[in-house]
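Which chain is which? The protein sequence lines are A and B, in order. Counting in our numbering, the first sequence runs from 57 upward without gaps. Counting in our numbering, the second sequence runs from 1190 upward without gaps. Just so it is clear, CB atoms sit at the ideal spot from N, CA and C, and this is done for glycine as well. A quick note: this is a predicted structure, and the numbers were derived from the prediction, not measured.
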Amino acid sequence: MKTLVLALALLCAGAAQAGDARADYELGLRYRNGIGVAADPVRAARAIEAAARDGMPEAMFTWSNMLAAGEGVVADAAEARRWLEAAAALGFPAALQELALRAPDPREAELLMRQAAHALQHQPGL
Amino acid sequence: MRHSIPCQIGIAILPAVLAAPVLAAKPAAPKGASATLAVLETTDLHSNVVGYDYFKLAAEPSIGLDRTARLIAQAREEFANTVLLDNGDTIQGNALADWQALVKPLRCDQTLGIYKVMNALNYDGGSIGNHEFNYGLAYLSQVTGSRFQVAGVEQPKRCAGPAFPHVLANVYSVKTKQPIFAPYRIIAKKVSAQDANGRPITATVKVGIIGFTPPTIMSWDKRWLDGKVYTTGVREAALKYIPEMRKKGADIIVAIAHGGLDASPYTPTMENAGWYLAQVPGVDAMLLGHAHQLFPNAASTAPQFNLAGVDKAKGMVHGVPTVMANLWGKHLGVIALQLRADGKRWTIEKDRTVVEARAAQNADKSFVAADPGVMELIRAEHEATIGYVKTPVGSTDFRMTTYFADVGDPSALAVVNAAQTQYVKNYVAANLPQYAKLPVLSMSAPFKSGLAGAFDFTDVPAGNLALNNAADLYLYPNALYAVKVDGAGLKAWLETSARRFNTIDPSKPAPQELVNAAVPSYNFDTPTSSEISYEIDLTQPAGARIRKLALRGAPVAPDQEFIVATNNYRASGGGNFPGLDGSKTVLASPDTSRDVLIAYIRETRTLTRAQHGATRSWRFTPVKTAGPVVFHSAPGMLALAREAGLENVSQVAADDGLGKGFALYAVDLAK
C-alpha cells in the first residue's frame, strides 16, 4: 500500500512537471509575441528556458533560436547549437531539418532530412 | 548470402526448428556446460532493402539491408551461435514499399520483397513497429502470413509471409480480445557449446522472444485501427507474458521493443517505454528501435542516454544489456551473451555480456560492400519501383527553374504556392469555418540556388512530370502547415525574407552584390499570387524594405488577418522568423508538402506558364543606380529570364571569375 501511495505521488509529481513545461512554454510564447500581454523578451526567455530544461522539444528549439539571436538573453552560439542538437535528439522535425540545412556534408544532410521526414509522421496534430 | 544453398536449406528447416517441442523435459545441457550466444538486431529498416534513393534514382551506399547482410555474415563467422531478430518498422518507408503496398499490391501468393531477403538471411524472428500499420490491417495480415481475426479483414486463407515468426504482445483484436500476433515465441536454438571439461557438444537454448509496439499507433493510424484493435501498455504486456514464458521453459528472454527510452511518468500509452520495460523482472536482453538512435554510444549527448540507470558506454539499462541499431540498416546490434548450464537451465554470466552496435560504415568513411545476393532477390521489385517513380503524373508546358528566383522568376515556386493555397483553402472550408473569410496566401522559397555550384539549381524541363520531378520541385521533406498572422506579422515575415539582399547605395559607381550570401535561399519566402503585392526597397536597411504591401490593391492594415500556407519548418520557428514559433499554427497537416504538390499536379494535369509560372507578387522598388547591381547564376540562362518576363536582367560575363562555374548577371533596378 505504501508503495502504491509512493508510486502515485511520484506519478502525479511527474505529471505536474510535464504540465508545468507546457504552461511555461505557452507563457513564454505569450511574452515573446506579445499575445494578451506586453511583449517582454526577458520574461519570455526565462519561461522558455524553463520549459526547455524540462525536456520539451519545441521549447528546446525555440530556446536555441533565442540564444542564437540574443533574444532576451546574451547571445551564445555554442549553447544555441547544444539546444538545437538536444531538440533533434528528441526527434523534433524542425530541429532535424535545421541541422540538415547546416550540415556541410550533403550525405549527412540528406540523412538528417530523411529522419525529419520520418519524425514528421509521429507529430501530434493540433 | 554468398552461400545461397545453405541459406535455402536454412529456410527449409527453419519451420521444423520452430515447431520443435520446446517443452521437452530433457535438460538443455549438462551441468557446467557453457556457450556463447549472440543476439543480433536490425531495426527501422524502413524497406531499405538495397541502398538506393528512389527519388534521386541513385545508389545510396550509407543505407540498406544489403550492407547489413555483410555485418550479419561477419557476426556469424565470429560467434558460433547467433539469433537474428528484427525490431520492426520494416515494411514501410520508401517508394519500394509504396509500390508493393499501393501501386501493384502484393498478391496472396507473393512474399514481400524485404521478407524474401530476410528469409534468405535466416532471421529467427521479428516484432512489429508502428509503421507496419500504415497500410492497414488487411495488408499487414496478408504480408506477415497471418490471419487477423479483426473486423474488416476477410482473409479466406493464409498468404505467403516470412519464414520466421513475428511476436507482438500489446495489440489485441476488439473482436476476439486476443493478441493479433503471437505475443511471444520460444525458439529452441541448437547451439555449439562446451561441456564442463571444455569438450565441444551440441545443446539447445530456449530463447524466448516477446515484442512490443508503441501504443500511440492508435492515434497515428486511427483510420485503420479505431474500433478494430486496441493496445495495452508495454509494461503491462511484459508483466503478463514474461512469467508465462519462463514457466514454459524459456532459458533467456529477449524483449523486442519498438521504442526508445523515456523516464517521464509511465502510462499505458507511453511511446518509448524501454526504460520501464528494462525494470520488469525477467528481461535478459532488450532490443530497442523507433527512436532511430545508436545505443550503446558513449559519445552520445542525447538526454535519454543520460537517464538514471542507463549506461550508454556499456549498453545497459537498469543492468539489462540493451542495443538500438540506429536505422535503415546502417548498424547491426550485437548482444553477446555468455551462457552457463546449471543442470536445469541456462543462465547468463552477466558480467561477461558484451553489447555493441556495429556500423556498416568503416573508420575511413567507406562502406562495407553490399551483398549482391540481396539485389538478386528483389531486382524485379526494385526495377518496377524505379519505373513507378518515373511514371508521369502530369506535364508542364514551361521549364521550371530557380536560376533567377532572386530577381523574381516564379517559375519553380508558383506551382508549389498554388498547390499549398488550394490545400489550405479546402482544409479551412471543411474544418475551420471561423477562418472562412480570411484570405489564404502561400509562401515558398527556392531550395536550390547554386549553393553547391552552378549546377545546383532547380531545373525541371518542359514535358512530363514524374514523381522524381516533384522531388526536384520540392526538395525538402517538409509537412504542410498553415499559420494565422496579422498584417504586421505578414510584413515582418516579408522583411525577414528580404534580408536575402544587401543594402544598395544608388550613388556608388562600383558594382554592388545583390545577394547577401549569409542568408540562405531557403529563407527567402515569397508569395506568387496576384492577390498580394509589395515592393522590396533595396536602398533601405534590412527590416525596413517592404513597401506598398497590398491585398487586391488595398493597403494591408497591421491588424488585418491572414491564413498563410507554409511548412512545418517555418511554422515551428525554422529560420527564426518573427512570431513564427508554433504559436500561430492553425494547421499541422500529416501530408508532406511534396505529396500535396503531387496531388495538385495529378489533378491539374497540365501546368501552363500563364497559370503557374508568370505571376509575381513583388518587385524591387525602382531606383536608378550609378553602378551595376550584380548577382551570380548559371551561365547562358538569359533566355529563361526573358521567358519569365524579366526584362531588367542582363549577363555581364559568362564567367564571373570566381572559379565555380557561375556567370555574372546584372539587374537594372531602374526598370
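Pull up the distance between the alpha-carbon of residue i and that of residue j, whole angstroms please.
i	j	result
I1200 of chain B	A1340 of chain B	Only weak support is given to the placement of I1200 of chain B: the predicted model assigns it a pLDDT of 39, under 50, and the question is left unresolved by the model.
P1454 of chain B	N1311 of chain B	39 Å
E135 of chain A	S120 of chain A	7 Å
G1771 of chain B	A1594 of chain B	28 Å
I1567 of chain B	R1265 of chain B	23 Å
T1420 of chain B	V1356 of chain B	14 Å
A1133 of chain B	P1403 of chain B	Lying before the first or after the last residue shown, residue 1133 of chain B is absent from chain B, which here runs from 1190 to 1860.
D1648 of chain B	N1657 of chain B	12 Å
R170 of chain A	F1636 of chain B	16 Å
L1285 of chain B	S1633 of chain B	29 Å
T1715 of chain B	L1683 of chain B	7 Å
S1686 of chain B	L1226 of chain B	58 Å
Y1663 of chain B	H1821 of chain B	22 Å
P1432 of chain B	P149 of chain A	39 Å
H1320 of chain B	D1233 of chain B	9 Å
Using a Cβ-Cβ cutoff of less than 6 Å, which residues in the same chain neighbour residue i once the five nearest sequence positions on both sides are dropped?
i	result
K1813 of chain B	A1859
G1532 of chain B	K1220
A1327 of chain B	V1342
P97 of chain A	E127 and G128
F1587 of chain B	A1651, R1798 and G1802
Y1304 of chain B	P1351
V1509 of chain B	A1467, V1472 and M1475
A1777 of chain B	Y1670
A151 of chain A	F117, L140, A143 and A144
L1212 of chain B	For L1212 of chain B, the predicted structure reports a pLDDT of 44, less than 50, and the residue's modelled location is therefore unreliable. A value from the coordinates is still provided. Correct list, in chain order: G1438.
D80 of chain A	A103, A106 and A107
V1557 of chain B	R1256, R1259 and A1549
Leaving aside the five residues before and after residue i along the sequence, list all residues of the same chain whose C-beta is less than 7 Å from its C-beta, in chain order.
i	result
V129 of chain A	A101, M122 and L123
A1830 of chain B	F1593, D1598 and V1838
P1698 of chain B	A1815 and G1816
T1717 of chain B	P1599, L1602, A1603, N1606, T1804, R1805 and S1806
G1850 of chain B	G1642 and A1643
If you run the structure through DSSP and keep just helix, strand and coil, what is residue i?
i	result
K1226 of chain B	Looking at the sequence itself, residue 1226 of chain B is Leu, so the reference to Lys does not match. DSSP places L1226 of chain B in strand when its eight states are reduced to three.
F1401 of chain B	strand
Y1624 of chain B	helix
E1314 of chain B	The amino acid at residue 1314 of chain B is misidentified as Glu; the sequence shows Gly. It is a strand residue.
T1774 of chain B	strand
Y1241 of chain B	strand
G1334 of chain B	coil
R1538 of chain B	The amino acid at residue 1538 of chain B is misidentified as Arg; the sequence shows Glu. Three-state DSSP puts E1538 of chain B in coil, outside helix and strand.
F1494 of chain B	helix
H1355 of chain B	strand
P149 of chain A	helix
S120 of chain A	helix
Y1854 of chain B	strand
H1821 of chain B	strand
F1370 of chain B	coil
T1728 of chain B	coil
E1702 of chain B	strand
D47 of chain A	With chain A covering only 57 through 182, there is no way to say anything about residue 47 of chain A.
I91 of chain A	coil
P162 of chain A	helix
T1393 of chain B	strand
To which residues of the same chain is residue i closer than 8 Å at the C-beta, ignoring the five residues directly before and after it?
i	result
N1495 of chain B	K1501
Y1789 of chain B	V1604, A1607, A1608, Q1611 and Y1612
F1401 of chain B	S1316, L1357, A1358, N1359, V1423, A1426, A1427, A1444, I1445, A1446, H1447, G1448, A1462 and L1466
A175 of chain A	G147, F148, P149 and L152
Does the distance between the C-beta of residue i and the nearest non-hydrogen atom of the ligand HEM fall short of 7 Å?
i	result
R1791 of chain B	Among the ligands in the structure shown, none appear at all, so the ligand HEM cannot be discussed.
Taking 8 Å as the CB-CB limit, is residue i close to chain E?
i	result
M112 of chain A	No chain E appears in this structure, whose protein chains are A and B.
Interfacial residues, the segment 1744-1769 of chain B to chain A, with Cβ spacing under 7 Å: N1757, Y1758, S1761, G1762, G1763, N1765 and G1768
Minimum length 4: unbroken alpha helix (DSSP H) runs contained in the segment 1418-1481 of chain B: 1423-1436 and 1463-1466
Proximal residues, the segment 1481-1505 of chain B versus chain A, C-beta separation under 7 Å: H1481, T1490, A1491 and P1492
Contact set between the segment 1663-1685 of chain B and chain A, restricted to residues whose Cβ is under 7 Å from the partner: Y1665, P1666 and A1668
Proximal residues, the segment 1705-1728 of chain B versus chain A, C-beta separation under 8 Å: P1709 and Y1711
Short-range partners of chain A found in the segment 1400-1412 of chain B, where Cβ spacing is below 7 Å: W1409
Whole alpha helix (DSSP H) elements within the segment 1571-1651 of chain B, 4-residue minimum: 1603-1620
Contact residues within the segment 122-137 of chain A, judged by C-beta distance below 9 Å to chain B: M122, A124, A125 and E127
Contact list for the segment 1245-1273 of chain B against chain A, Cβ threshold 7 Å: S1251
Cβ-based contacts, 9 Å cut-off: residues of the segment 145-157 of chain A near chain B: A145, L146, G147, F148, P149, A150, A151, Q153, E154, A156 and L157
Near-chain A residues of the segment 1835-1857 of chain B (beta-carbon distance less than 9 Å), N- to C-terminal order: none
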